[in-house]
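full-length UniProt numbering numbers the first residue of the sequence shown as 1 and each following residue consecutively. Virtual Cβ for every residue (Gly too), placed ideally from N, Cα, C. Report on the following structure.
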Amino acid sequence: MSNPLVQVALRCPEIPQNTGNVGRLCAITGSRLHLIHPLGFTITDRHLKRSGMDYWHSLDLHEHENWQAFRNAESHRRTWLFTTKATRTFWDVSFAAGDILLFGNEGHGCPEEVHEAIGDEHRIRIPHPRKGLRSINLATSVGIAVYEALRQLRTDNPTD
């Protein structure tokens with residue numbers, strides 16, 4: 001795919017099942033998936049295969065050696081960092097075709113250097129109505145974000 005409506009970037013994901021589920025979601029929605037290394041598993045991991053590898057042949061996958069390599073390749077695209085450390089919600093922004101939805105890893109999110117590179121203006125969160133609970137699962141968060149972006153970008157000729 002040369003111009004996907006939505007792109008997803010996972011920075012240093014740790015859990016292969018989450019990445020497999022995100023890969024499956026991206027394949028089905030026609031979204032590009034960027035994996036930013038290092039990963040907490042190998043791409044051939046059996047858990048990754050079970051969750052999403054049967055869709056891997058249909059996936060528009062781009063792998064990046066590290067955060068800087070990703071930024072060098074994709075800095076011309078608008079990138080939204082999904083984080084619990086944002087004040088604006090994803091409902092408060094208008095997504096554009098080609099935007100990248102960036103997610104940190106399951107254990108630590110994204111480090112300060114990523115927050116600084118993205119800037120306050122492009123940090124957003126998924127609201128959590130129940131206070132005191134940490135966060136939503138990574139794969140679930142990506143699904144929520146991708147479908148909101150697609151809802152905003154939908155055309156008069158949907159695929160289903």
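Between which residues of its own chain and Thr89 is the CB-CB distance below 8 Å, once the five residues before and five after are set aside?
Counting from one through the sequence shown, the residue named residue 89 turns up at place 89. So the list reads Ile124, Arg125, Ile126 and Pro127, once near-sequence residues are dropped.
Quick one: what's got a C-beta closer than 6 Å to Leu102's C-beta in the same chain, skipping five residues either side?
The residue given as residue 102 occupies position 102 in the sequence shown. Same-chain partners within the cutoff: Ala9, Thr79 and Leu81.
Can you list, in chain order, the residues of its chain whose CB lies under 8 Å from that of Asn157, leaving out five sequence neighbours each side?
The sequence position of residue 157 within the sequence shown is 157, counting from 1. Unreliable positioning characterises Asn157 in this predicted model, as indicated by a pLDDT of 49, which lies under 50. The coordinate reading is nonetheless provided below. None.
Between the Cα of His108 and those of Glu116, Glu121 and Leu138, spot the shortest distance and give me the residue it belongs to.
One-based indexing of the sequence shown puts residue 108 at position 108. The shortest Cα separation from His108 among Glu116, Glu121 and Leu138 belongs to Leu138.
Name, in chain order, the residues that DSSP records as bridge partners for Asn105.
Here residue 105 refers to the residue found at position 105 of the sequence shown. For Asn105, which the question treats as bridged, DSSP gives the partners Gly109.
Close beta carbons around Val22, own chain, < 6 Å, minus the five adjacent residues each side:
Start at 1 with the first residue of the sequence shown, and residue 22 comes out as number 22. Correct list, in chain order: Ala139 and Val142.
Using a 10 Å radius around the Cβ and a threshold of 16 neighbouring Cβ atoms, would you call Ser31 buried or exposed?
For this step, residue 31 is matched to residue 31 along the sequence shown. Ser31 is buried by the Cβ-count criterion.
Would you mind reading off the limits of the alpha helix (DSSP H) that contains Arg151?
As a first step, residue 151 must be located in the sequence shown, where it is residue number 151. Taken as a continuous stretch (DSSP letters only), the alpha helix (DSSP H) holding Arg151 covers Leu138 to Leu153.
Report yes or no: do the stretch 64-73 and the stretch 33-40 share at least 3 C-beta pairs separated by less than 8 Å?
Yes, since at least three Cβ pairs between the stretch 64-73 and the stretch 33-40 fall closer than 8 Å, the two stretches touch.
Is Thr83 buried or exposed, if buried means 16 or more other CB atoms sit within 10 Å of its CB?
One-based indexing of the sequence shown puts residue 83 at position 83. A buried status is given to Thr83, since no fewer than 16 other beta-carbon atoms sit within 10 Å of its beta-carbon.
Distance between Asp99 and Ser75 (C-alpha atoms, nearest Å)
Looking up residue 75 in the sequence shown gives position 75. Looking up residue 99 in the sequence shown gives position 99. Roughly 11 Å between the two C-alpha positions.
Ala27 by DSSP, collapsed to three states: which one?
Here residue 27 refers to the residue found at position 27 when the sequence shown is read from its first residue. The answer is helix: DSSP assigns Ala27 an H, G or I state.
C-alpha distance - Cys12 paired with Ala97, whole-angstrom precision:
Stepping through the sequence shown from its first residue, residue 12 is reached at position 12. Stepping through the sequence shown from its first residue, residue 97 is reached at position 97. Each residue's CA atom was taken as its position, placing Cys12 and Ala97 some 24 Å apart.
Environment of Leu104 [buried if 16+ CB atoms lie within 10 Å]:
Within the sequence shown, numbered from 1, the residue matching residue 104 stands at position 104. The question names Leu, yet the displayed sequence has Gly at residue 104. When all chains shown are included, Gly104 counts as buried.
If you draw a straight line from the C-alpha of Ser94 to the C-alpha of Thr87, how long is it?
On the sequence shown, position 94 is the one that residue 94 refers to. On the sequence shown, position 87 is the one that residue 87 refers to. Rounded to whole angstroms, Ser94 to Thr87 spans 16 Å at the Cα level.
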